[in-house]
Every structure is written in structure tokens, then in C-alpha cells.
Amino acid sequence: MKKSNELPRLSRRAFLTASAGALAASGLAWPSVAQAKGAGKLATLIDLNLCDGCPNKEVPACVAACKTINRDKIPPVADPIPVPWPRKTVEDWSRKREVFDRLTPYNYLYVHQADVDVDGVPKTVFVPRRCMHCDNPACATICPFAANHKHENGAVVIDQDLCFGGAKCKAVCPWEIPQRQSGVGIYLHVLPDYMGNGVMYKCDLCYDRLGRGKEPGCIEACPQKAMLIGPRNEMLAEAERRAQQMNGFLYGRDENGGTSTFYVSPVPFDRINATMKKGPGRPDMKPGVERRMAGTDSLAKAVLAAPAVGIVAGAAGALQWLSDRKARGEKDEKKDEKKDEKKDGKKDGKKDGKKDV
Amino acid sequence: MSDRIVREQNRVIRHSVVELAEHWTVALSGLALIVSGMFQLPMGSRYYINSIPGLAWSADYMVSLNVHYAASILFVAAALFHTVYHGLRGDRGLMPRKGDLLTSIEVIKSFFGEGKEPPFHKYLPEQRLAYVGMAFIIAMLIVSGLVKTYKNLYAPDLSYAVVLWATWAHNIGFVLFVLAFVAHIGAILLKPNRPMLRGILTGSVRLDYAEHRHPLWIEEVEGASREVKAESAAMTPQEPAGPEQVLVAADAVQEVPVEEQAGDRDIGAGAPKEPGEAGSDITKPCGEFPREG
Chain H
1 MKKSNELPRL SRRAFLTASA GALAASGLAW PSVAQAKGAG KLATLIDLNL CDGCPNKEVP
61 ACVAACKTIN RDKIPPVADP IPVPWPRKTV EDWSRKREVF DRLTPYNYLY VHQADVDVDG
121 VPKTVFVPRR CMHCDNPACA TICPFAANHK HENGAVVIDQ DLCFGGAKCK AVCPWEIPQR
181 QSGVGIYLHV LPDYMGNGVM YKCDLCYDRL GRGKEPGCIE ACPQKAMLIG PRNEMLAEAE
241 RRAQQMNGFL YGRDENGGTS TFYVSPVPFD RINATMKKGP GRPDMKPGVE RRMAGTDSLA
301 KAVLAAPAVG IVAGAAGALQ WLSDRKARGE KDEKKDEKKD EKKDGKKDGK KDGKKDV
Chain D
358 MSDRIVREQN RVIRHSVVEL AEHWTVALSG LALIVSGMFQ LPMGSRYYIN SIPGLAWSAD
418 YMVSLNVHYA ASILFVAAAL FHTVYHGLRG DRGLMPRKGD LLTSIEVIKS FFGEGKEPPF
478 HKYLPEQRLA YVGMAFIIAM LIVSGLVKTY KNLYAPDLSY AVVLWATWAH NIGFVLFVLA
538 FVAHIGAILL KPNRPMLRGI LTGSVRLDYA EHRHPLWIEE VEGASREVKA ESAAMTPQEP
598 AGPEQVLVAA DAVQEVPVEE QAGDRDIGAG APKEPGEAGS DITKPCGEFP REG
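Laid out in C-alpha cells, this is it:
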């Protein structure tokens with residue numbers, strides 16, 4: 001595997017041959033449903049060597065399948081949509097449901113076409129983009145209502161019945177994946193003008209289908225078999241093997257602290273990223289994106305240690321107090337003994353008709 | 358505890374330095390937690406709070422999370438310190454007593470001119486009830502907050518049921534904590550309670566105030582001093598107290614720390630006594646006492 005800024009020396013023929021060979025050799029060309037359903041973390045592999053963007057289709061097969069599966073997911077939108085106060089942001093995609101060239105609340109996957117130059121040879125790479133299902137996703141961990149959660153199988157899923165549409169998940173996502181539809185969701189029943197603004201939507205890795213033992217719709221529909229799903233370890237090993245074999249590049253293993261989506265590409269990702277203009281609904285692909293919550297880890301660890309610090313300090317303080325009390329008691333006893341001795345001396349002195357000096 | 362009467366200065370030492378430090382650590386870190394916790398909601402930008410000078414960070418979730426964590430360290434450590442320290446010492450002054458609920462209602466009525474308030478121990482009955490309520494809320498916030506922190510660091514895929522419980526316990530705890538915080542501030546602003554503000558700021562209150570409003574407490578402090586005297590006398594039972602002993606006992610009445618004497622202590626008070634056990638002069642309602650403004 002090469003570093004992301006090194007150009008691969010790979011002809012188109014070698015490129016395709018290597019990909020096909022890798023696919024056949026891996027035994028993972030069509031992972032069984034059992035693998036997808038299996039216990040433990042799942043991950044997906046997206047092989048950009050194989051994705052051709054479905055040139056003969058108006059909408060790429062994966063995108064079309066995703067749209068079909070999620071067509072009725074969003075309930076009817078309130079009409080009129082409440083205008084939030086004081087910042088009057090309303091995001092309504094209900095009249096633009098057909099959009100498929102960017103992420104929207106009605107479109108969780110799109111295919112970016114990257115026209116790059118590899119050693120003077122123009123090359124086109126198609127990049128399916130959707131939620132990366134990060135290993136430690138800030139979008140889920142700091143959702144104030146736990147509406148977004150990373151499940152045990154690795155899927156990061158937004159519960160649309162709990163989401164208030166505040167878009168915090170979008171703000172903390174390095175790729176700003178979740179998209180908001182205003183006018184739907186629980187916020188309509190609370191304080192729609194002052195709290196919440198809809199529901200956030202994104203790819204949920206077809207969580208329900210996985211539960212029924214099926215593959216995600218996009219993977220099942222891909223005619224090129226460019227996408228795979230399986231146990232995370234196996235997918236990562238396969239992605240690394242393919243990247244090495246094609247003298248190519250890997251994206252998603254380390255980005256944002258690790259994700260459950262591994263892109264394999266014969267073209268460096270910084271070149272691909274250069275063709276992506278980051279904008280609403282269109283994430284970029286900057287290599288080496290750092291996990292944004294990493295900057296909070298140190299203090300979080302200190303928080304977990306705080307109870308022990310409090311308990312030890314409290315016990316030490318109380319023991320010190322007990323020790324001091326005991327010492328004072330002994331001191332008082334000695335004082336009293338001295339007084340007693342003094343009094344005894346006075347008595348004796350009186351008896352003897354003498355006084356102590 | 359360090360409760361003691363300093364007659365020449367007309368004051369009673371009500372809180373030790375340790376207690377003041379505990380209180381203010383919890384109070385100030387709690388305030389920081391309320392503010393930074395609110396900024397964990399997507400409100401900094403929506404309500405233009407981030408455009409207020411000095412509050413640009415209100416819309417940066419990572420900064421407000423770090424502020425929240427930093428305040429949590431102090432809050433959690435102080436709360437656990439308080440529990441262990443006073444637990445091991447056997448301090449029970451803030452534990453509710455039988456009849457506190459009914460007495461609290463009487464006291465609250467008296468604040469509005471209905472009836473007269475009964476004589477108090479060191480703490481008012483509603484203070485003891487509020488303490489338990491606040492302790493419950495704080496425990497709820499700490500436990501749920503620790504689960505959330507652990508999840509953020511090590512287990513983002515923690516059981517969804519656990520995450521939901523922790524999150525909503527934290528959110529409900531937050532609302533209760535804010536209400537309790539406001540009620541606490543409101544209570545100290547009530548005219549009859551204002552002299553106690555000095556107590557939590559400096560550690561002592563005026564003796565004349567305490568004698569009229571907290572006679573049971575003063576009795577406890579003085580009772581503890583008398584115990585000293587009695588113990589001293591018991592050590593030399595055959596002899597009448599000489600002039601020197603009387604002098605020592607008189608000093609003890611004025612400035613003997615309760616902690617050295619009382620077996621059953623409050624958080625800052627001596628052995629609690631039932632109202633009937635105190636002298637008849639202090640069982641009278643003290644509503645006639647001219648309260649300080």
C-alpha cells in the first residue's frame with residue numbers, strides 16, 4: 001500500500017485485472033447473508049476499481065435501490081412547516097425528493113464522479129458517498145437525546161422518533177453527512193417554534209434489512225459487485241490486501257479514528273479529494289481526517305478518575321480528623337492527669353502544712 | 358465539627374473551611390455544568406448566543422464539552438469527598454428527622470405571615486429535606502454522566518437501552534438540578550433566611566440571630582460544652598471545683614469546638630435533641646424575633 005500522496009503506476013488493464021483477481025481470490029466476492037447477519041461488528045468495502053457509476057443507467061443502481069428502500073421512511077411533512085425562532089432556518093426537501101446527486105433527507109447515497117490525472121493519463125473514478133459508520137462516531141455519542149446510536153453490529157442509526165433535528169450530529173461529523181428535513185418529528189409536539197427543527201436523516205446501513213438477514217440495498221443492487229459487507233476484521237484484511245495488490249490506496253481505516261467503511265482506490269485520495277468541492281450534501285474526502293472528539297479524551301479520562309480522587313481524599317481527610325481527635329484526647333488526658341497530680345500535691349501540702357512552690 | 362460560640366464577637370462558627378470549600382466547589386462547578394450542559398444542546402447558534410462577546414464557544418460543541426468535563430471533575434470529586442468524609446465522621450446534621458415534612462410546611466407558611474415558625478436546630482427542616490433531594494439529583498447526574506463519559510471514550514456501541522437510560526436520566530436530572538438550584542437561591546433570598554448567607558460566605562452567623570432562630574442548635578453547642586465540664590468534674594468527683602476549674606469551664610462554654618466533645622454530630626452541629634428536651638425558653642416559637650434585612 002502506498003501513502004496517500006504517492007501516485008500509483010498502474011495501467012488501466014493491470015488495474016482491472018488486479019481487481020478481478022483479487023475479487024476471485026478473496027472468496028468475498030459475494031458475502032453470504034449469514035456473514036452480514038453474524039454477530040460482531042460489520043464493515044463494508046467499496047472498491048473504486050470496480051465501481052463504474054452505472055454508465056447505462058440514469059441513476060446508479062445503488063442509489064436507486066437506496067431510494068426505493070427508503071422511499072416511505074419520512075412521514076408526511078407539516079404544512080406549513082413551523083418557522084423556528086429566532087434563527088429562521090427551514091430545510092424542506094419534500095418537494096425535491098428526486099434529487100440523487102447529493103445527500104438529502106430523501107437521498108442517503110450518491111455517486112461522485114472524480115476526473116483525475118494519473119501520470120498524464122486522464123482517469124475517471126466513481127465514488128459512492130454515504131455515512132461512513134465510524135467506529136467512535138461523535139454524531140451518535142454526543143447526541144443530547146440519544147436519538148443516534150452506534151449499534152453492536154457497527155451501524156450508526158438515527159431513531160427518527162427521538163430526533164429533534166437540531167443538526168448537532170451534522171455539525172460534529174467531519175463529512176457533515178446527516179441531512180435535515182424540517183416539519184417532521186417529535187419536535188412538532190413539544191415547542192416547534194423554540195426547540196428542534198425536524199429530523200436528521202442518513203444511511204443506516206439498512207439496519208432493518210440486516211436484522212432480517214439481508215444485505216444493505218446498495219450492496220445487493222450493485223451490478224459490478226463493487227461493494228461488500230462482512231465481519232469487520234475480514235473486510236479490513238480484504239481492503240488492505242486489495243490496496244496492496246493494486247498498489248493503491250485505502251480510505252476509512254484511520255480517518256475520524258477509524259470507520260466501518262473501507263474505500264480501496266488505485267488513485268490517491270488527495271487527488272480524488274481535489275475534485276470534490278465540499279458543500280451542502282456533498283462531503284469531501286480529505287485523507288487523515290482526525291477524530292474531532294480526540295481533543296476531549298484527556299478530560300473525559302480525568303472525569304472517570306474523579307470519583308476515586310474524591311473517595312480517597314474524603315477517606316484521608318476523615319482519617320486525619322479521627323487521628324487528630326485521638327491525639328487531642330490523649331493530650332487532654334495528660335493535662336487532666338497533671339491537674340490531678342497538682343491537686344493531690346496541694347492536698348498533701350495542706351495536710352503537711354506546706355505549699356508547693 | 359468546628360461549631361463554637363464566640364460571644365465576644367457575637368457570632369457562632371457554623372461551617373468549617375472544609376465545608377465551605379465543598380459547598381462552593383459543588384455550587385460553582387454546578388453552575389458551570391448547567392451552562393456548558395445547555396450549550397450541549399444546539400442553541401448557541403440558533404439563539405445567537407455565540408455572537409455575544411466571550412460566548413463564541415457556545416456553538417462549538419467540543420469546547421463546551423471540554424468545559425463540561427472540566428467542571429465535572431471538580432463536581433464529582435467534591436460530591437464523593439463530601440459523602441465519604443462526612444460519612445466516616447458520622448455527621449448526620451443534614452439528615453431528615455421525623456416530622457420534617459409537616460414542620461417544613463409550617464415554616465414555609467410562616468414565611469408568608471401565616472403562623473409562627475418553630476425553634477430550629479442548626480438546619481431548617483426544609484433544608485434537611487432539600488439536602489436529600491439535592492443529593493438524589495446529584496447522584497443521578499453523576500452516575501448517568503459517568504456512563505455517558507465512559508460511552509464517549511470507550512464504548513460508543515454500549516447497549517442502546519443503557520445509553521437511553523443514562524441520557525434521559527441525565528436530561529431529567531439536569532432539569533431537576535436547575536429547579537433545585539433556583540429554589541436554593543430563592544430560599545436564601547427570603548428575608549428570614551438572609552442571616553444564613555453570611556454563614557455560607559464566611560463560615561459564621563450572628564449569635565443573637567442563632568439564639569433566637571436556632572436555639573436548639575445553640576443549646577446543642579452549649580450542651581456539648583457542659584458535657585466537657587461534667588466530664589472534667591467526674592474525673593475528680595470528691596473535690597468541689599476550684600476557681601481554676603470554673604475558669605476552664607467558662608472558657609469552654611465560650612469557645613469549645615463541638616467536634617471534641619459530641620458523640621453524635623451534625624454536619625457542623627452537636628448531638629441533636631428533640632424540641633421537648635431543650636429548655637422551656639427555647640421551645641417557644643421564635644416568630645417574634647426581629648429578623649434581619
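In order, the protein sequences belong to chains H and D.
Just so you know, the working numbering puts 23 at position 23 of the first sequence, and the rest follows in order with no gaps.
To convert a position in the second sequence, counted from 1, into the working numbering, add 357.
Note that CB positions come from ideal geometry on N, CA and C, so glycine has one too.
Residue nearest to residue i in terms of C-alpha spacing, selected from the options
i: Pro-86(H); options: Ala-389(D), Ser-402(D) and Leu-547(D); result: Ser-402(D)
i: Ser-359(D); options: Met-419(D), Asp-448(D) and Phe-438(D); result: Asp-448(D)
i: Ala-114(H); options: Arg-130(H), Thr-275(H), Cys-62(H) and Pro-287(H); result: Thr-275(H)
i: Leu-398(D); options: Tyr-488(D), Thr-524(D) and Ala-567(D); result: Thr-524(D)
i: Ala-65(H); options: Asn-107(H), Pro-76(H) and Leu-210(H); result: Asn-107(H)
i: Pro-552(D); options: Val-464(D), His-569(D) and Ala-512(D); result: His-569(D)
i: Ser-393(D); options: Trp-522(D), Tyr-426(D), Ala-384(D) and Ile-362(D); result: Tyr-426(D)
i: Ala-294(H); options: His-443(D), Gly-490(D), Asn-423(D) and Trp-522(D); result: Asn-423(D)
i: Lys-505(D); options: Val-90(H), Lys-335(H), Asp-297(H) and Gly-40(H); result: Asp-297(H)
i: Tyr-201(H); options: Asn-233(H), Arg-232(H) and Asp-159(H); result: Asp-159(H)
i: Ala-544(D); options: Lys-479(D), Phe-468(D) and Lys-473(D); result: Phe-468(D)
Own chain, CB closer than 6 Å to residue i, minus 5 neighbours either side, in chain order
i: Leu-412(D); result: Ile-406
i: Lys-342(H); result: none
Per-residue DSSP class, three states only, for residue i
i: His-133(H); result: coil
i: Gly-257(H); result: helix
i: Gln-179(H); result: strand
i: Arg-368(D); result: strand
i: Leu-503(D); result: helix
i: Ala-106(H); result: Reading off the sequence, residue 106(H) comes out as Tyr, not Ala. Three-state result, Tyr-106(H): coil.
i: Ser-359(D); result: coil
i: Ala-43(H); result: strand
i: Ile-74(H); result: coil
i: Arg-97(H); result: coil
i: Ala-628(D); result: Residue confidence for Ala-628(D) is low, a pLDDT of 36 falling below 50, so the modelled location carries little weight; the figure read from the coordinates is stated next. DSSP places Ala-628(D) in coil when its eight states are reduced to three.
i: Met-276(H); result: coil
i: His-478(D); result: coil
i: Lys-262(H); result: Note that residue 262(H) is Phe in the sequence shown, not Lys. Residue state, collapsed to three classes: strand.
i: Gly-281(H); result: coil
Environment of residue i [buried if 16+ CB atoms lie within 10 Å]
i: Ala-518(D); result: exposed
i: Asn-153(H); result: buried
i: Trp-381(D); result: exposed
i: Lys-57(H); result: exposed
i: Asp-340(H); result: exposed
i: Pro-223(H); result: exposed
i: Lys-562(D); result: In the sequence as displayed, the identity of residue 562(D) is Val instead of Lys. Val-562(D) is buried by the Cβ-count criterion.
i: His-439(D); result: buried
i: Lys-150(H); result: buried
i: Val-83(H); result: exposed
i: Ile-462(D); result: exposed
i: Leu-536(D); result: exposed
i: Val-121(H); result: exposed
i: Arg-485(D); result: buried
Cutoff 7 Å; reference residue i; Cβ partners in own chain excluding five residues on either side
i: Lys-508(D); result: Leu-515 and Val-520
i: Gly-252(H); result: Met-132, Thr-259, Thr-261, Phe-262 and Tyr-263
i: Trp-414(D); result: Val-420 and Ser-421
i: Glu-330(H); result: none
i: His-372(D); result: Gly-556, Ile-557, Gly-560 and Gly-625
i: Lys-286(H); result: Asn-273
Neighbourhood of residue i by C-beta, 8 Å cutoff - its chain only, sequence neighbours within 5 removed
i: Arg-95(H); result: none
i: Ala-25(H); result: Residue confidence is low: Ala-25(H) scores 37 on pLDDT, short of 50, so the model does not pin down where it sits. Its coordinate-derived value is still stated next. Nothing meets the Cβ criterion.
i: Glu-220(H); result: Ala-65 and Lys-214
Proximal chain H residues relative to residue i, where beta-carbon distance stays under 8 Å
i: Val-506(D); result: For the sequence presented, residue 506(D) should be read as Thr rather than Val. Those are Ala-300, Val-303 and Leu-304, listed as they occur along chain H.
i: Val-374(D); result: Within 8 Å Cβ-Cβ: nothing; Val-374(D) doesn't reach chain H, min ~11 Å.
i: Met-497(D); result: Going along chain H, no residue has its Cβ under 8 Å from Met-497(D), so there is no contact; the nearest lies around 15 Å.
i: Leu-503(D); result: Val-303, Leu-304 and Pro-307
Listed by chain order, chain D residues near residue i by CB distance under 7 Å
i: Lys-150(H); result: Pro-513 and Asp-514
i: Asn-136(H); result: Pro-513
Closer than 7 Å at the beta carbon, the chain H residues around residue i
i: Thr-524(D); result: Phe-145 and Ala-146
i: Pro-399(D); result: Gly-166, Ala-167 and Lys-168
i: Val-383(D); result: Neighbours of Val-383(D) on chain H: none; closest Cβ ~11 Å, over 7 Å.
i: Arg-563(D); result: Going along chain H, no residue has its Cβ under 7 Å from Arg-563(D), so there is no contact; the nearest lies around 27 Å.
9 Å Cβ cut-off: residues of chain H touching residue i
i: Gln-484(D); result: Here the premise fails: no neighbours, minimum Cβ distance about 22 Å.
i: Leu-412(D); result: Those do not exist, as Leu-412(D) stays about 15 Å from chain H at its closest Cβ, beyond 9 Å.
Partner residues on chain D for residue i, Cβ-Cβ distance less than 9 Å
i: Thr-175(H); result: Here residue 175(H) is Trp; the residue named in the question, Thr, does not match the sequence. Per Cβ cutoff of 9 Å: no residues; Trp-175(H) is ~16 Å from chain D at best.
Min CB distance residue i to chain B below 8 Å
i: Phe-534(D); result: Reference to chain B is not applicable here, since the protein chains of this structure are H and D.
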